[in-house]
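Below you'll find the structure, written out as structure tokens, and then a few comments.
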Amino acid sequence: MAALKAYASGRYREAIEAFTAALEEGTPTPEARAAILTNIASAQLASELCRKSVKSCDAAIAACPAYVRAYLVKGRALAALGKAAKAKAAWEAGVAVAAPPATTDVELYSLLAQELAGRGTAAARSRRTPAPPRANRSA
187 MAALKAYASG RYREAIEAFT AALEEGTPTP EARAAILTNI ASAQLASELC
237 RKSVKSCDAA IAACPAYVRA YLVKGRALAA LGKAAKAKAA WEAGVAVAAP
287 PATTDVELYS LLAQELAGRG TAAARSRRTP APPRANRSA
């Protein structure tokens, strides 16, 4: 997918445009819509468009409240905005959704737990590029 290649190459605005185009083509499931919106949010966060990233995550959560990665990215965007309490609340909400056995995505659950424990990779602390978005596995 061109959007994932653009993201991996650091061409975040191009990735945002490509993910947005994919979203406008329509998505077969709420989870697919949430995945694309979260990928947009990740690219926005990497571009330091933190408020837009939070809004994209909110849209992803509205599309599929069980899409755990949206909570992780939302917390990182909020942390980058200096809103530590709201970031923690987003991560806690993600942990509640991801708590085993409700999810098989142990990696995401672990990342959320690390963020809550203050050992994570929140963009506000590290200023590193967030992890690349995942390909939509359900499309």
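Residue 238 in the numbering used here sits at position 52 of the sequence shown, and the numbers go up by one each step. All C-beta atoms in this analysis are idealised placements derived from N, C-alpha and C, irrespective of residue type, glycine included.
(request) Kindly indicate the opening and closing residues of the alpha helix (DSSP H) around Tyr193. (result) Ala188 to Ala194
(message) At the level of alpha carbons, what is the spacing between Pro251 and Ala270?
(response) 22 Å
(message) So, does the region 224 to 232 touch the region 190 to 206, judging by three or more C-beta pairs under 8 Å?
(response) yes
(message) For the alpha helix (DSSP H) containing Gly280, name the first residue and the last one.
(response) Ala270 to Ala284
(request) Give the DSSP-derived three-state secondary structure of Ala253 in the structure shown. (result) A small fix is needed here, since residue 253 is Tyr in this sequence, not Ala. For Tyr253, the secondary structure class from DSSP, reduced to helix, strand or coil, is coil.
(request) Using 10 angstroms around the beta-carbon of Gly212, count the other beta-carbons present and answer buried if the total reaches 16, otherwise exposed. (result) exposed
(message) Are the CB atoms of Cys243 and Val254 within a distance shorter than 8 Å?
(response) Going by C-beta atoms, Val254 is not nearer than 8 Å to Cys243.
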